[in-house]
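Chemist:
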Amino acid sequence: MRIIPLSIPIDEDYAPIHTYQVCRVMEQNQNNWLHTNWILTEGAQRVFIELKFTLRDCNSLPGGVGTCKETFNMAMKESRYIKIDTIAADESFTELDLGDRVMKLNTEVRDLGPLTHKGFYLAFQDLGACIALVSVRVFYKRCPFLVKSLAEFQDTIPGSEASQLVEVVGRCVNNSLPLYEPPRMHCSTEGEWLVPIGKCVCQTGFEEINGSCQVCKVGFYRSLLESLACSKCPPHSMARQAGSTACSCEDGYYKIDSDPPNMACTRPPSAPRNAISNVNETSVFLEWSVPMETGGRKDVRYNILCRRVLPDGRGLEECGPNVRFLPRRVGLTNTSVMVADLQSHTNYSFLLEAVNGVSELAKDHAKQYVSLNVTTNQAAPSPVSVVRKGLTGKSSIALSWAEPDRPNGIILEYEIKYFEKEQDSSYTIIKSKETEMEVEGLKPSSVYIFQVRARTSAGYGAFSRRFEFQTSPYCEYTRQRYCTLTVMRSCAPPFRRCGYSKAKQDPEEEKMHFHNGHIKFPGVRTYIDPLTYEDPNQAVHEFAQEIDVSFISIERIIGAGEFGEVCSGPLRLPGKREIQVAIKTLKAGYTEQQRRDFLWEASIMGQFNHPNIIRLEGVVTKSKPVMIITEYMENGSLDTFLKKNDAQFTVIQLVGMLRGIASGMRYLSDMGYVHRDLAARNILVNSNLVCKVSDFGLSRVLEDDPEAAYTTRGGKIPIRWTAPEAIAYRKFTSASDVWSYGIVMWEVMSYGERPYWEMSNQDVIKAVEESYRLPGPMDCPEALYHLMMDCWQRERSNRPKFDEIVCLLDKLIRNPRTHLLINQCHI
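For the sequence shown, position 500 (counting from the first letter as 1) is numbered 500 according to full-length UniProt numbering, and the numbering increases by one without interruption.
(1) Rounded to the nearest angstrom, what separates E546 and V619 at their Cα positions?
(2) Express the C-alpha separation of A680 and L808 in angstroms, rounding to a whole number.
(3) If distances are taken between C-alpha atoms only, which option among N262, L352 and Q593 comes closest to I276?
(4) Just grab the DSSP bridge partners of I87 for me.
(5) Given this structure, state the Cα-to-Cα distance separating G191 from A162, to the nearest angstrom.
(6) For L573, which of E562, S550 and R595 has the nearest alpha-carbon?
(7) Ordered along the chain, which non-local residues of its own chain (more than five positions away) have a Cβ less than 8 Å from that of I3?
(8) Less than 7 Å separating the beta-carbons of P755 and R796?
(9) So what's I126 in DSSP terms, helix, strand or just coil?
(10) Is it buried or exposed, V384, if we count other Cβ atoms within 10 angstroms and call 16 or more buried?
(11) Can you tell me whether S663 is helix, strand or coil according to DSSP?
(12) So what does DSSP say about K433, is it helix, strand or coil?
(13) State the DSSP-derived secondary structure class of V738, mapped to helix, strand or coil.
(14) What residues in its chain sit with their C-beta under 6 Å from that of P816, if we drop five residues either side in the sequence?
(15) Can you give me the C-alpha to C-alpha distance between K766 and A728, rounded to a whole angstrom?
(16) Just to confirm, is the Cβ distance from T266 to G219 under 7 Å?
(17) From A129 to S188, what does the alpha carbon distance come to, in whole angstroms?
(18) Can you tell me where the beta strand (DSSP E) with C567 in it begins and where it stops?
(19) Within the segment 355-432, note down every full beta strand (DSSP E) run reaching 3 residues or more, in order along the chain.
(20) Could you check which residue in G569, G564 and E562 has the C-alpha nearest to that of E555?
(21) Kindly indicate which residue of G390, D737 and N686 has the alpha-carbon position closest to the one of F696.
(22) Following the continuous beta strand (DSSP E) through E592, name the residue where it begins and the one where it ends.
(23) Let me check one thing: in DSSP terms, what residues is T266 bridge-paired to?
(24) What whole-angstrom Cβ distance do F120 and E78 have, given they're in contact under 8 Å?
(25) Alpha carbon to alpha carbon, how far is R273 from V290? Give it in angstroms, no decimals.
(26) At the level of alpha carbons, what is the spacing between I613 and M671?
(27) Over what stretch of residues does the beta strand (DSSP E) that includes I727 continue unbroken?
(28) Since C202 sits in a beta bridge, which residues does DSSP pair it with?
(29) Comparing C-alpha positions only, which one of E50, N210 and I429 sits nearest to V134?
(30) Pull up the distance between the alpha-carbon of P114 and that of N635, whole angstroms please.
(31) If you check the beta carbons only, do Q451 and S464 fall under 7 Å apart?
(32) In whole angstroms, give me the CA-to-CA distance for G409 and E436.
(33) Taking its Cβ as the centre, do 16 or more other Cβ atoms sit within 10 Å of F312, making it buried, or is it exposed?
(34) Okay, do the segment 308-328 and the segment 360-369 touch, 3+ Cβ pairs below 8 Å being the bar?
(35) Please confirm whether R773 and W792 have their CB atoms less than 7 Å apart.
(36) Taking S553 as the reference, which of M627, K622, E27 and N688 has the closest Cα?
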């Protein structure tokens, strides 16, 4: 290329500018080239080229210059030259500027990629311009070396595609290690680090101070990676060395594995106090007070040792298995126990022991008991447990029975009580000194009830349970003395198909109403899918009130929906006060299918009646345009409302909004209904800040099985709000609505910020699959963020139910300092 020397130009600071220049505009057919040396890429797959140049305005040149251009071409060569772009100047100079020698530079930047070779040439083609090329700068961007959250990320060259993110795994430094998973960052094409996932934390025995891990001092410890700083050893424990991960207990104090690290070391309790006894025949009621010293624990339990005093001072023996302890002998939580079925007129010794969680560890700790000595009284015999039948006749039944298990003395006699079944108001008692007898004077073919009890000098025992026996039929044509005995056994009631007895059921229970093929029970609200109706118009008129169009006035347009405009105006129903309503209209030219789809949402909404679900006022189907009339929500959609009022509400106000949404979703879940599109944009807010769930366009019904899932057939899914299993398998449940609710919580606490910011949908899916979760919004209470994380559990069965969420939010509203736990609200 021919270089035409000109006077040296200067820049705006009057510094000389060295250039490559060409200005052969007076000559025809110009084709001048300038190329660079071989430029190494150093591994970059995309590079940037910055050009600075000046160019003269063709209009300022003398007339008759037919070849003058105001552009030039830029090309590159890896294996062959290819054109990159045509470069034009934003500003050009004139002859007047040339006299002043002050030229304004043009700057243009172009990028090349993907590059496949180790280097390339650049070339510039002039076809007749008056141009001076001041500088050519070739560079590539890279994400610089970074230390973040104790993780070190090396210099990284971005990928070749403009939207590509290069994942880089960080290396934990300075006595740190990954928390849950290795830390990762994503390097963008612009050389910026994005989407941090995971982090490093100081290993146990260290704490993070000013970005580095410092060893815990003597007397301090750190045992959990989740804890932020070293903690002082709890009472009765010590850490004698720096960098301790746990504190050791002082002599005489102990811990069990389930004790949290910050719990003080404890010791066994002292003996129970103030023990007293109350004897009732062969039963003893023992009562005592809690120990003076519980050892610093709340898990104090009590054990009872029962021993019988042998006659003539021959020592003690443990009570046998027939002695009963109510509620039990060991592990008592209450300070009382009933000991029953002891022997009468017998001396007993009871030892009461208090234990706690560390009693088993304290082998060298002498057990402390409180002792009680009691003597039982004379007692009546225990009930007769077995009554057997013998031969029966038409008017007699032979009986026998066993002696009571605990006669508690000499049996003097037995009483036999009997009566005809269903005639228990009139009965007969006979006595016997033996354990058998024959009862006569009975009716043939009749069922009789028999009970037996024993008497000693201490009195009568209790009657036995009832035994049923039947006399034989009248044996007119038989020579047998006795007819065959029939025993009426206690049997289970006959099989009941429906699980309840008609004799005991509520009158309303007998009523079953069949409605369009669906069984409906009084007082039970169950969602009915409009798609199950053969004629969808029937569903609309079944669940939605028809409103005459003359009762509605459209005053203004407030938005646009999928099927037409959304307006507002007054609704004046006869006999009712005027109210403001929202009016969804179906645009003209609709098909019958579009009309059905439009009214389908009304068929759904009309089945709901809850203060946190948008209320359907009615529909207009008998005139045009077709309309859906709902209550009017003055503040519009929740996401827009929050953005307009950023940082204007207290945390309790925001939690109140979230509580309303959760209450509405609990109602839908109880009806067996899945929303599928729960997001802040689909929550409406009225003038009193009451939030109501709306937009049922994506919703579907669940079957009765609580684990059943509805599988969609294609269609768009709101990725940023949808649970992973719903994205992967198109399966939606109330648990997937809970995931979406967690995203709504994040939207509310961040005042309408877009979930996952500018990440693409594919990046969101990948990040969530790799366990990335949205960070806690600024000033969000820790308890609320923990609830969000629970809603985002990968395993859907581990997510809370909506009734649990409502319970937790109620606790937080009542006590904002509450640390919420899901298991506090198992309903």
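Backbone N, C-alpha and C fix where the C-beta goes; we use that ideal spot for every residue, glycine too.
Modeler: Answer, in terms of the structure:
(1) 5 Å
(2) 20 Å
(3) L352
(4) F72
(5) 11 Å
(6) S550
(7) Reliability of the predicted coordinates at I3 is poor, the pLDDT of 35 falling under 50, and the value obtained from them is presented with this limitation in mind. For I3, where only same-chain residues beyond five positions count, the Cβ hits under 8 Å are Y20, Q21 and V22.
(8) no
(9) The question names Ile, yet the displayed sequence has Asp at residue 126. Here D126 sits in strand by DSSP.
(10) buried
(11) helix
(12) coil
(13) helix
(14) none
(15) 12 Å
(16) no
(17) 38 Å
(18) E565 to L571
(19) Here the runs fully enclosed are 369-375, 387-392, 397-401, 413-420 and 428-432.
(20) Considering only G569, G564 and E562, the residue with the shortest C-alpha distance to E555 is G569.
(21) D737
(22) First-last for E592: E592 to M605, but that is the alpha helix (DSSP H), not the beta strand (DSSP E).
(23) Y254
(24) 5 Å
(25) 6 Å
(26) If I take the Cα positions, the gap works out to 13 Å.
(27) Per DSSP, I727 belongs to no beta strand (DSSP E); it is in the alpha helix (DSSP H), P724 to Y729.
(28) S176
(29) E50
(30) Cα to Cα, P114 sits roughly 49 Å from N635.
(31) yes
(32) Pairing G409 with E436, the inter-Cα distance amounts to about 20 Å.
(33) Looking at the sequence shown, residue 312 is not Phe but Asp. Burial call: exposed.
(34) no
(35) yes
(36) M627
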